Amino acid sequence: MVDAGLPRRGGAVSTSLALQGALVARLKADADVTVIVGGRVFDAVPAEAAFPYVSLGEDQVLPDGADCYDGEDVRSTLYLWSRAVGYPEIKRLAAAVEAAIDDDMAVPGYRIVSIAVTDTRFLRDADGLTSRAVLTLQTLIEPAD
């Protein structure tokens, strides 16, 4: 979902924004993710958000240096949050999120060449209540034309 004020294709901002919209749409539509978090996939987390949920993290857009490829390399971070006892819920959520993300994800104006979770970390917060997972994604994406 590209903002009307941005070009439909081209440039790091529009690529990142289009990919963000596709990720949110995919996670909210995936049955295995929604059985755990409902529709709680956030860019900006509401102050009183119920657990568990997924929040969008940082993006980095790098031009791809290959001569035969006119796309970009987007590194994205997803944060997964839980207040259930122990790690089982957060690990089930991480598995569901990873399974939901694949190359056939629709990104208007773009084509995903490849997308993969390259790193997953599980952490317990200092509050003693919150567990989280940090997923790093790498997406090679190019204009659809």
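The numbers in the sequence shown follow the working numbering, run straight up by one, and end at 1075. Note that CB positions come from ideal geometry on N, CA and C, so glycine has one too. These numbers were taken from a predicted model, which means no experiment stands behind them.
What's the C-alpha gap between residue i and residue j?
i: Ala977; j: Ala1024; result: 23 Å
i: Glu988; j: Glu1019; result: 23 Å
i: Tyr1040; j: Asp1075; result: 8 Å
i: Ile1045; j: Arg1051; result: 18 Å
i: Lys1021; j: Gly1001; result: 32 Å
i: Leu936; j: Ser944; result: Any reading at Leu936 is ruled out, since the residue's pLDDT is 43, under 50, leaving its predicted position unreliable.
Indicate whether residue i and residue j have their beta-carbon atoms separated by less than 8 Å.
i: Arg1142; j: Met1035; result: Nothing can be reported for residue 1142: it is not among the residues displayed for the chain, which extend from 931 to 1075.
i: Ala980; j: Pro1038; result: no
i: Met992; j: Gln950; result: In the sequence under discussion, the amino acid at residue 992 is Leu, which differs from the Met named in the question. Not closer than 8 Å, so no.
i: Tyr983; j: Val1004; result: no
Just reading off the beta strand (DSSP E) that residue i is part of, what are its end residues?
i: Leu1059; result: No beta strand (DSSP E) contains Leu1059, which DSSP labels as neither H nor E.
i: Asp1003; result: 1002-1012
i: Pro993; result: 983-993
Just to confirm the assignment, what range does the alpha helix (DSSP H) spanning residue i have?
i: Pro1018; result: 1018-1030
i: Val965; result: 961-967
Should residue i go down as buried or exposed, given a rule of 16 or more other Cβ atoms within 10 Å for buried?
i: Ala974; result: exposed
i: Ser1006; result: buried
i: Leu1067; result: buried
i: Leu953; result: buried
i: Asp1057; result: exposed
Counting beta carbon pairs with one atom in the stretch 1029-1043 and one in the stretch 956-967, are three or more of them shorter than 8 Å? Result yes; three or more Cβ-Cβ pairs closer than 8 Å.
Given 8 Å, three or more beta-carbon pairs between the stretch 1008-1021 and the stretch 1059-1067: The stretch 1008-1021, when compared against the stretch 1059-1067, does touch it at the 8 Å Cβ threshold.
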